[in-house]
Amino acid sequence: MRRTYAPPEVIMETCTGCGLCMEVCPSFVFELMDATAAVVRGDWCIGCGHCGAVCPEEAIRHESAALGKGPRPGSELAITPEQLMLLIRERRSVRNYRRKPVPKKVLERIIEAGRYAPTGSNSQNVRYVVLTAPEEIDKLREMAIAFYERIFGLVRGRFGAFLLGLFAGRRIVENLRESLPKIEHVKEVMAQGEDRLFYQAPVVMVVHAESWDTCSAFNGALALYNCSLMAHTLGIGCCFNGYLQSAVNNSRRIKKWLGIPRDHRCFGAMTLGYQKIRYQRLVKRDPAKVVWR
Ligand SMILES: Cc1cc2nc3c(=O)[nH]c(=O)nc-3n(C[C@H](O)[C@H](O)[C@H](O)COP(=O)(O)O)c2cc1C
């Protein structure tokens with residue numbers, strides 16, 4: 009079910025009829041009538057708050073418009089392009105964590121960055137599950153490992169691989185088969201007590217959202233990436249975890265244990281914690297593959 013919003017309200021005495029609200033509204037909510045803005049399709053409002061955010065006269069009231077609060081866009085230099093690029097290139101996957109717990113206040117600030125990420129149709133449908141109790145993280149790890157033991161058990165055999173291919177697709181099974189030598193090694197080091205799944209992180213975070221919504225995957229990724237950047241600025245390292253994401257989506261047991269509703273999917277997971285080893289250099293990538301037309 010889509011979230012619905014009460015329609016915005018136009019303060020007629022203040023509205024100058026400049027039409028800016030009409031121009032920025034993605035949902036055709038406003039029309040100009042008698043030289044002022046009028047709400048004509050209020051039930052189409054997606055609560056983006058753009059109308060309130062552009063109105064120079066503060067003539068629009070809406071639950072989603074942050075009127076008079078906080079800095080105005082452009083009034084302070086948010087961040088220079090150089091600083092942004094530095095932040096993007098400084099963020100690296102962190103796979104070595106100190107045992108130190110991350111205070112809840114810090115985690116809340118990280119999630120706050122996720123909360124401000126955009127979502128398709130402003131659905132704001134991303135939910136978070138945050139595990140900080142070591143016994144809960146141990147339990148999740150144990151379930152994920154059990155899941156992968158089953159999957160790799162199938163992949164090792166010809167018939168199992170064929171069966172799995174029918175469900176998961178041939179390319180995925182080929183990829184799993186190719187990674188078998190590495191998986192065997194991971195198994196060995198994990199048997200010796202090394203945690204190559206969560207890297208002994210004190211925090212594991214999972215985001216999920218309704219699976220019917222075609223924007224949910226992107227919503228989840230944006231939210232989690234925002235979180236990862238905020239985490240970096242707070243001195244917290246993180247590592248996205250595709251293995252956990254896949255385990256959650258393919259194991260009913262794990263999904264249920266995490267309290268994720270059946271009609272939701274996990275759209276991202278990551279480990280977080282204070283970094284043990286610091287990177288000395290920025291990230292380097294391939295040149296962008298672009299087609300200019
Ligand atoms: C969608 C996604 C899933 C990932 N899953 C894992 C994972 O399961 N385990 C892991 O150690 N790293 C995982 N990573 C981290 C990548 O390996 C890493 O981002 C990549 O090697 C580039 O390194 P950097 O993040 O330090 O720039 C994942 C990254 C992404 C974007």
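As numbered in this note's numbering, residues 9 to 301 make up the sequence shown, in order. Note that the Cβ used here is the ideal one computed from N, Cα and C, for glycine as well. Keep in mind the model is a prediction, meaning the values are calculated, not measured.
Residue pairing by DSSP places Thr-222 in no beta bridge whatsoever. Put simply, the backbone Cα of Asn-257 is about 12 Å away from that of Ala-176.
Under the three-state reduction of DSSP output, Leu-242 falls in the coil class, being neither helix nor strand. Burial check for His-193: the Cβ neighbour count within 10 Å stays below 16, so the residue is exposed. When DSSP states are grouped into helix, strand and coil, Met-278 belongs to the strand group. Excluding five sequence positions before and after Arg-185, the CB atoms of its chain that fall closer than 7 Å to its own CB belong to Val-163, Ala-169, given in chain order.
Rounded to whole angstroms, the separation of the alpha carbons of Ala-46 and Tyr-136 is 38 Å. If you measure from each CB to the nearest heavy atom of ligand 1, the residues under 6 Å come out as Arg-100, Ser-101, Arg-103, Cys-247, Phe-248, Asn-249, Gly-250, Tyr-251, Val-291. Non-local C-beta neighbours of Gly-122 in its own chain, meaning closer than 6 Å and more than five positions away in sequence, comprise Ala-231, Asn-234, Cys-235, ordered along the chain. Take Pro-15, set aside five residues on each side of it, and the residues of its chain with a beta-carbon closer than 6 Å to its own are Val-47, Gly-50, Cys-53, in chain order. Straight across, the Cα-Cα distance linking Asn-183 with Ser-219 is about 25 Å. DSSP places Tyr-136 inside the beta strand (DSSP E), whose first and last residues are 135-139. Residue pairing from DSSP places Leu-40 in a beta bridge opposite Ala-45.
Assigned with DSSP and collapsed to three states, Arg-164 falls in helix.
Excluding residues up to 5 positions away in sequence, His-240, Leu-290 lie with their Cβ nearer than 7 Å to the Cβ of Glu-98 in the same chain.
Put simply, the backbone Cα of Phe-36 is about 12 Å away from that of Leu-28. As DSSP reads the structure, Tyr-105 sits in a beta bridge with Gln-283. Taking 7 Å as the cut-off, the beta carbon of Met-213 is found no closer than this to the beta carbon of Phe-248. With contacts defined by Cβ atoms closer than 7 Å, Arg-100 and Lys-284 do not form a contacting pair. Taking a cut-off of 8 Å for Cβ pairs, the stretch 55-71 and the stretch 12-26 touch, as three or more such pairs fall below it. Taken through DSSP and simplified to helix, strand or coil, Ile-159 comes out as helix. Secondary structure at Ile-68: strand, using DSSP grouped into helix, strand and coil.
Looking at the DSSP output, His-216 shares a beta bridge with Arg-135, Cys-274. Excluding five sequence positions before and after Glu-17, the CB atoms of its chain that fall closer than 8 Å to its own CB belong to Val-47, Ile-68, Arg-69, His-70, given in chain order.
Membership of Asn-183 in the alpha helix (DSSP H) is indicated by the continuous run 178-186. The closest CA to that of Lys-190, considering only Leu-252, Phe-160, Gly-128, is found on Phe-160.
Judged by beta-carbon spacing, Leu-242 lies within the 7 Å limit of Val-114, meaning their Cβ atoms are closer than that value.
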